[in-house]
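For reference, the structure discussed in these notes is given below.
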Amino acid sequence: ATKPKTMYIGGPVKRDAALCLATLRAGIDPGGVPGLRHVQGRVVMVDLDADPDSIAPMVEGVRIFAGYSGWTIGQLEGEIERDDWIVLSALPTDVLAEPRVDLWGRVLRRQPMPLSLMATHPIDLSRN
Numbered sequence: 009a010t011k012p013k014t015m016y017i018g019g020p021v022k023r024d025a026a027l028c029l030a031t032l033r034a035g036i037d038p039g040g041v042p043g044l045r046h047v048q049g050r051v052v053m054v055d056l057d058a059d060p061d062s063i064a065p066m067v068e069g070v071r072i073f074a075g076y077s078g079w080t081i082g083q084l085e086g087e088i089e090r091d092d093w094i095v096l097s098a099l100p101t102d103v104l105a106e107p108r109v110d111l112w113g114r115v116l117r118r119q120p121m122p123l124s125l126m127a128t129h130p131i132d133l134s135r136n
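Quick note: the sequence shown uses this note's numbering, first residue 9, plus one each step.
Okay, here's the thing in structure tokens:
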């Protein structure tokens, strides 16, 4: 195992704690593998106390996040119902996007019209 090149910010809660997401190689079943918890598709959470030598051959790559975002019971569901969020499917490669990639724009460009047009919005609307 090597030190990560980049630590990502996962959110404002518990910034002193790290969470790890990984994308599994195609055909790998995470069921029963100590240290892996299935999230969706090929994406898993990795227990950072697990033996990295046993997990490394199974993954394409990992992202380590400092902190996380949290909601009270029902809060996120309410925000989604009010359309405060755009909920979209992700690809396993989204987890491994390079740090300088505009992931928001990339995901939106994959969507049907008119949602894909949002990819052209400036990040800072005051500069439009």
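Quick reminder that beta carbons are idealized off the backbone N, C-alpha and C, glycines included.
Classify LEU99 as helix, strand or coil using the three-state DSSP reduction.
Look at LEU99 here: in three-state DSSP terms it is coil, with no helix or strand label.
Looking only at its own chain, which residues have a Cβ that is under 8 Å from the Cβ of GLN83, when we skip the five neighbours before and after it?
Scanning its chain for C-beta atoms nearer than 8 Å, with the 5 sequence neighbours on each side dropped, one finds no residue around GLN83.
Take VAL21 and list the residues in its own chain whose beta-carbon comes closer than 7 Å to its own, dropping the five residues that flank it on each side.
Closer than 7 Å at the Cβ level, and outside the excluded window around VAL21, lie GLY75, TYR76, SER77, GLY78.
In terms of DSSP beta bridges, what is GLY69 paired with?
Per DSSP, the beta bridge partners of GLY69 are THR31.
I'd like the list of long-range same chain contacts for VAL109, defined as Cβ closer than 6 Å, with 5 residues on each side in sequence excluded.
Within the same chain, no residue comes within 6 Å of VAL109 by CB-CB distance, once the 5 residues on both sides are set aside.
Less than 7 Å between the beta carbons of LEU99 and ALA105, yes or no?
For the 7 Å CB-CB criterion, LEU99 and ALA105 do not form a contact.
Find out if the Cβ-Cβ distance for the pair MET66, ILE94 is shorter than 7 Å.
Going by C-beta atoms, MET66 is not nearer than 7 Å to ILE94.
Reduced DSSP secondary structure (H/G/I, E/B, other) of VAL47:
Here VAL47 carries a strand assignment [DSSP, helix/strand/coil].
Proximity of LEU32 and ARG50 at Cβ, strictly below 7 Å:
Contact: yes.
Decide if GLY86 is buried, meaning its Cβ has at least 16 other Cβ atoms within 10 Å, or exposed.
Counting the other Cβ atoms within 10 Å of the Cβ of GLY86 gives fewer than 16, which makes it exposed.
Helix, strand or coil: which one does DSSP assign to GLY75?
In this structure, GLY75 counts as strand in the three-state DSSP scheme.
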